[in-house]
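This report refers to the structure that appears directly beneath it.
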Amino acid sequence: MRGEAAILRDFNLRIDVGEHVAILGPNGCGKSTLIRTLTRDLYPMWKPETVVRIFGRDKWDVFELRRLLGIVPSVVPPLSKIVTGLEMVLSGFFSGWGIWPNHEVTAEMEAKALEVLGRLDAAHLAERDFEELSSGETRRLLIARALVHDPRALMLDEPSTSLDLAAQHELRETMRRLAQAGTGIVIITHHLSDLIPEIERVVMMKRGSIVGDGARAEMLTRERLEGLFGIPLDLSERDGYIHAW
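First residue of the sequence shown: 134, per the working numbering; consecutive thereafter.
Below, the structure written as structure tokens:
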């Protein structure tokens, strides 16, 4: 529930570690509420049959969970001080935004952060002011921030929001490399173009419920997508990507 409204209802979903999954649906379908439930920012109404189990456990210390589940948000909260690219990545160790006096950064943490930045071709952003970066550069640092713990799964919320065409291409290539290297990826989006070819399963959400769940080829058909978004569509496929208009 969010206030008086039931946002998710009759909802049953299982995602296994290592899967490459897209959760696809229009604005207002409950995707953001689902993300906040998985990250323990929100909790469902208590009922005997209600279970939210993550990595096999019902109860978590949230800071411990965030070391296993890498979250790449669509937006960053306002920062109250200047934060460099490296500090933003290091903040992933502390589940915060930037480094503060109570944070003890070890040499091992800094080495890991620099290693992840290098893996994402973002080492040149380490000393830059985070708030002066482009949207594409920001997204790469947020992915690096989520990867510093070598999480068991990476969850990306509307990953291409505010990105231009070049930045979208860079982001997709980054996601593809991670998926091909074995990182489990969950993409939550309403953009078909976010669905990299490595996505094997598509879950469709509408009005707070799952209306489709299956293999990519089964889900990404004109009939199913027209029903999901409520408009007539034409589809084409190129290089493993589905395009709609």
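All C-beta atoms, glycine included, are put in the ideal place defined by N, C-alpha and C.
Taking A312 as the centre and dropping the five residues before and after it, the same chain places the C-beta of H153, I318, E331 closer than 6 Å to its C-beta, in chain order.
A residue is called buried when at least 16 other Cβ atoms come within 10 angstroms of its Cβ; M134 does not meet this threshold and is exposed.
The residue from S295, G225, L258, M337 with its alpha-carbon nearest to that of R199 is G225. Contact between the stretch 222-236 and the stretch 299-313 is absent: fewer than three C-beta pairs spanning the two stretches fall below 8 Å.
Within the model, the alpha-carbon separation for W378 versus L366 is close to 6 Å. Boundaries of the alpha helix (DSSP H) around E270: 268-280. D372 and L353 have their C-alpha atoms spaced approximately 15 Å apart. Here G347 carries a strand assignment [DSSP, helix/strand/coil]. Contact between G231 and V216 holds, with the beta-carbon distance rounding to 4 Å and staying under 8 Å. The beta-carbon distance between V238 and A277, rounded to whole angstroms, is 15 Å. This is too long to meet the 8 Å contact definition. A residue is called buried once 16 or more other Cβ atoms fall within 10 Å of its Cβ, and I320 is buried on that count. Excluding five sequence positions before and after K245, the CB atoms of its chain that fall closer than 8 Å to its own CB belong to V281, given in chain order. L212 is bridged by DSSP to nothing; it lacks a bridge partner. For S369, the secondary structure class from DSSP, reduced to helix, strand or coil, is strand.
As computed with DSSP, M338 is found in a beta bridge with I343.
Excluding five sequence positions before and after T322, the CB atoms of its chain that fall closer than 6 Å to its own CB belong to E291, given in chain order.
Here L175 carries a coil assignment [DSSP, helix/strand/coil].
Beta-carbon to beta-carbon, L328 and I375 are separated by about 6 Å, close enough to satisfy the 8 Å threshold. Cβ contact annotation for M338 (same chain, cutoff 8 Å, sequence separation greater than five): I156, L157, G158, C162, G163, K164, L167, V344, in chain order. DSSP places G203 inside the beta strand (DSSP E), whose first and last residues are 202-205. When the Cα atoms are used, A314 and R340 turn out to be separated by approximately 34 Å. Here DSSP, grouped into helix, strand and coil, assigns D149 to coil. Here R334 really is in contact with A348; their C-beta atoms are around 6 Å apart, less than 8 Å. Between L275 and A255, the gap from beta carbon to beta carbon reaches 8 Å or more.
In the three-state reduction of the DSSP assignment, G231 falls in the coil class.
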